[in-house]
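K.L.:
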Amino acid sequence: MKHFFVINLHSFNNQAQLSAVLDDITACFSDSKRIEHEIFLSRYSRAAIAAIDRYMSALSPHEVVRIYAVGGDGILYDCLNGMIVFPNAELTNVPYGSSNDFVLSFGKNAISEFRNIKSLIEGESRSVDVISCNSNYVLNL
Numbered sequence: 037m038k039h040f041f042v043i044n045l046h047s048f049n050n051q052a053q054l055s056a057v058l059d060d061i062t063a064c065f066s067d068s069k070r071i072e073h074e075i076f077l078s079r080y081s082r083a084a085i086a087a088i089d090r091y092m093s094a095l096s097p098h099e100v101v102r103i104y105a106v107g108g109d110g111i112l113y114d115c116l117n118g119m120i121v122f123p124n125a126e127l128t129n130v131p132y133g134s135s136n137d138f139v140l141s142f143g144k145n146a147i148s149e150f151r152n153i154k155s156l157i158e159g160e161s162r163s164v165d166v167i168s169c170n171s172n173y174v175l176n177l
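Residues in the sequence shown are numbered from 37 upward in steps of one, following the working numbering.
#1: Could you check which residue in Gly143, Ser163 and Glu126 has the C-alpha nearest to that of Pro97?
#2: Looking at chain C, is there any beta carbon in it that lies within less than 8 Å of the beta carbon of Ala63?
#3: Which runs of the beta strand (DSSP E) at least 3 residues long sit entirely within the segment 53-83? Give them in chain order.
#4: Do Asn117 and Tyr80 come within 8 Å of each other at the CB atom, strictly closer than that value?
#5: Enumerated in chain order, which unbroken segments of the alpha helix (DSSP H) with a length of 4 residues or greater are wholly contained in the segment 84-142?
#6: Report, in whole angstroms, the separation of the C-beta atoms of Val42 and Ala105, which I expect to be a contact under 8 Å.
#7: Output the distance between the C-alpha atoms of Cys115 and Ala84, rounded to the nearest integer angstrom.
#8: Once the 5 residues before and after Ile61 are set aside, which same chain residues still bring their CB inside 7 Å of it?
#9: The alpha helix (DSSP H) that contains Leu156, what's its start and end?
#10: Measuring CB to CB, does His39 end up less than 8 Å from His73?
#11: Please state the DSSP three-state secondary structure of Ser168.
#12: Within its chain, find whatever has a CB closer than 7 Å to the CB of Asp89; leave out the 5 residues flanking it on each side and keep chain order.
Next up, the structure:
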């Protein structure tokens, strides 16, 4: 499995918080068994859609990729719409945005649980409902 982190730079209050997340990602992948990862820094809305398409299109359709939307509901939306056409893609959220409604639907402790990147890397994927509206997709809360 490969891991693709999409980080919304606007979701962080300061450089120190962003650096801590980047350091956490690096530490989780320091084990040689998990070296297959990349990080994309999203600077504007919808940039993640094209980045995911480029990344996924370069891989074998049999290679499973877990995509990590690091930020709030906006980057989660972008990542969902970038990965939806790839059956070999999985999506998770690392909540750092001002709005994290999807993650909060899992309970009051969800923010800290979803910020545990090592746990997200090792966790099993689960199906969730997705709503299609014209050419856009959203996660069902």
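In this text, a Cβ means the ideal position worked out from N, Cα and C, and glycines have one as well.
Since the model is a prediction, treat every value here as computed from it, not as a measurement.
P.N.:
Reading off the structure:
#1: Working through the sequence shown from its first residue, we reach residue 97 at position 61. With distances taken between Cα atoms, Pro97 lies closest to Glu126.
#2: In the structure shown, chain C cannot be found, because there is only a single protein chain.
#3: 73-78
#4: As a first step, residue 80 must be located in the sequence shown, where it is residue number 44. As a first step, residue 117 must be located in the sequence shown, where it is residue number 81. Cβ distance not < 8 Å, so Tyr80 and Asn117 don't count as in contact.
#5: 109-119 and 137-140
#6: Numbered from its first residue, the sequence shown carries residue 42 at position 6. Numbered from its first residue, the sequence shown carries residue 105 at position 69. About 6 Å; that satisfies the 8 Å criterion.
#7: One-based indexing of the sequence shown puts residue 115 at position 79. One-based indexing of the sequence shown puts residue 84 at position 48. Answer to the nearest angstrom: the Cα atoms are 6 Å apart.
#8: In the sequence shown, the residue the question calls residue 61 occupies position 25. These residues qualify, in order along the chain: Phe41, Ile75 and Ile153.
#9: The residue you call residue 156 lines up with position 120 of the sequence shown. Ile153 to Glu158 is the span of the alpha helix (DSSP H), which, as asked, contains Leu156.
#10: If you number the sequence shown from 1, residue 39 lands on position 3. If you number the sequence shown from 1, residue 73 lands on position 37. Going by C-beta atoms, His39 is nearer than 8 Å to His73.
#11: Along the sequence shown, read from residue 1 onward, the residue named residue 168 stands at position 132. If DSSP states are grouped into helix, strand and coil, Ser168 belongs with the strands.
#12: On the sequence shown, position 53 is the one that residue 89 refers to. Within the same chain, Asp89 has close Cβ partners Gly118.
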